[in-house]
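Below is one structure, written out as structure tokens, with a few remarks after it.
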Amino acid sequence: MGDVLAGIHATWEFESDALVIRFERGIRTPRLFQALRERRVPYEALSAATLAPGRRGTVVLHAVPRPGADPLMEAAAGQLKETCDPYRLALPADREELAARLRDELAAVIPGRPDPLDPVDRFDSGFLVAAPQGPISFKAYDGKATFDGTSEVSFRWSSTMATSEKWKTGDQVFPVRELSGVEWRTPDSPGGFLRLLPRGGAPRPERPDHDPASVVFGLGYGPVHDSLPFAAAVLAAIRAKDRAPVPAGARSAAHGDPGAIAERIRHLGELHRAGLVTDEEFAAKKTELLAEL
Numbered sequence: 020m021g022d023v024l025a026g027i028h029a030t031w032e033f034e035s036d037a038l039v040i041r042f043e044r045g046i047r048t049p050r051l052f053q054a055l056r057e058r059r060v061p062y063e064a065l066s067a068a069t070l071a072p073g074r075r076g077t078v079v080l081h082a083v084p085r086p087g088a089d090p091l092m093e094a095a096a097g098q099l100k101e102t103c104d105p106y107r108l109a110l111p112a113d114r115e116e117l118a119a120r121l122r123d124e125l126a127a128v129i130p131g132r133p134d135p136l137d138p139v140d141r142f143d144s145g146f147l148v149a150a151p152q153g154p155i156s157f158k159a160y161d162g163k164a165t166f167d168g169t170s171e172v173s174f175r176w177s178s179t180m181a182t183s184e185k186w187k188t189g190d191q192v193f194p195v196r197e198l199s200g201v202e203w204r205t206p207d208s209p210g211g212f213l214r215l216l217p218r219g220g221a222p223r224p225e226r227p228d229h230d231p232a233s234v235v236f237g238l239g240y241g242p243v244h245d246s247l248p249f250a251a252a253v254l255a256a257i258r259a260k261d262r263a264p265v266p267a268g269a270r271s272a273a274h275g276d277p278g279a280i281a282e283r284i285r286h287l288g289e290l291h292r293a294g295l296v297t298d299e300e301f302a303a304k305k306t307e308l309l310a311e312l
């Protein structure tokens with residue numbers, strides 16, 4: 020395509036096989052955008068392109084990502100405010116005609132949507148968009164979270180803010196190969212936290228401030244621009260571990276693994292909540308997965 024579209028806080032470049040989003044740096048640019056800097060989004064990672072009126076004399080071009088294509092959006096789970104959505108580009112209203120042309124061109128190069136009912140293929144194929152090169156550590160309210168980038172996540176508890184339950188367990192180290200996912204709840208609302216999900220579905224404390232596999236946010240600790248890229252990077256590493264070659268017969272042995280099946284059902288539930296799977300399809304596929312146990 021070769022076009023370049025400069026908007027508010029970002030510039031989109033339309034390459035032959037991908038949309039490259041470069042975010043501006045400045046005091047008015049959302050801090051999440053500044054942390055992301057640049058993202059390359061293959062067209063196959065998109066499901067649609069839309070154009071709609073925005074606020075204060077603007078129009079908004081939206082490149083809609085496929086569910087499961089981007090670890091950042093997967094971790095965010097629909098919690099980002101529209102103004103912090105990296106797939107939305109605000110433009111002055113007088114550029115609407117140009118934006119409409121590029122929307123149509125973008126829609127034309129987006130491949131057809133794959134079957135959303137096969138969480139196995141979705142899980143095995145990994146993410147189509149690379150994880151952001153975000154912080155390798157950040158301070159939460161009750162401790163410090165650190166990720167080495169590939170194989171290990173650690174939590175070091177605060178001497179003043181961590182609960183006695185966490186102090187009793189001591190600082191924690193989590194090998195990525197022993198994790199099935201992450202759960203992120205935005206610090207922009209009460210009760211924000213980052214929870215690591217171990218394989219096997221073992222019982223864990225309901226409250227994240229009592230769970231040694233969680234760090235909690237609050238009072239300015241764990242802001243979106245730090246904690247969300249961190250969560251996305253960990254999630255991408257987990258997916259990469261799951262895609263690693265395994266010995267012959269190992270995949271069939273994992274066929275009935277409760278942790279793996281629980282993860283597949285969780286992904287199916289996300290598709291159901293997103294409206295990509297009907298109630299009947301969700302019930303039928305869930306029954307099929309439970310039969311594998």
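When we follow the numbering used here, the leftmost residue of the sequence shown carries the number 20, and every step to the right adds one. Built from N, CA and C at the ideal position, the CB exists for glycine as well. Quantities reported herein were computed from a predicted structural model and do not represent experimental measurements.
- Taking the Cα of Val148 as reference, the smallest distance to any Cα among Val83, Val172 and Trp186 is reached at Val83.
- Taking C-beta separations shorter than 6 Å and ignoring five residues to either side along the sequence, the partners of Ala109 in its chain run Gly26, Ile27, Gly73, Thr77 and Val79, following chain order.
- Using a C-beta cut-off of 8 Å, the stretch 230-243 makes contact with the stretch 148-166, since at least three inter-stretch Cβ pairs fall below that distance.
- The three-state reading of DSSP puts Ser178 in coil, since its state is none of H, G, I, E or B.
- Around the beta carbon of Asp161, 16 or more other beta carbons lie within 10 angstroms, which makes this residue buried.
- Leu147 carries a coil assignment under DSSP once its states are collapsed to helix, strand and coil.
- In this structure, the straight-line span from the alpha carbon of Ala310 to that of Phe212 is close to 33 Å.
- At a Cβ-Cβ threshold of 9 Å, Val172 and Leu198 count as neighbours.
- With respect to the 9 Å criterion, Ile129 and Leu70 are not classified as neighbours on the basis of their beta carbons.
- In the DSSP annotation of this structure, Lys305 is not part of any beta strand (DSSP E); the continuous alpha helix (DSSP H) holding it starts and ends at Asp298 to Leu309.
- DSSP places Gly211 outside both helix and strand once states are collapsed to three, so it counts as coil.
- Just so you know, the alpha carbons of Ile40 and Thr188 end up roughly 43 Å apart.
- Sorting Phe52, Leu38 and Ala37 by C-alpha distance to the C-alpha of Arg44 places Phe52 at the top.
- Considering only Thr48, Ala54, Arg58 and Arg47, the residue with the shortest C-alpha distance to Trp31 is Arg58.
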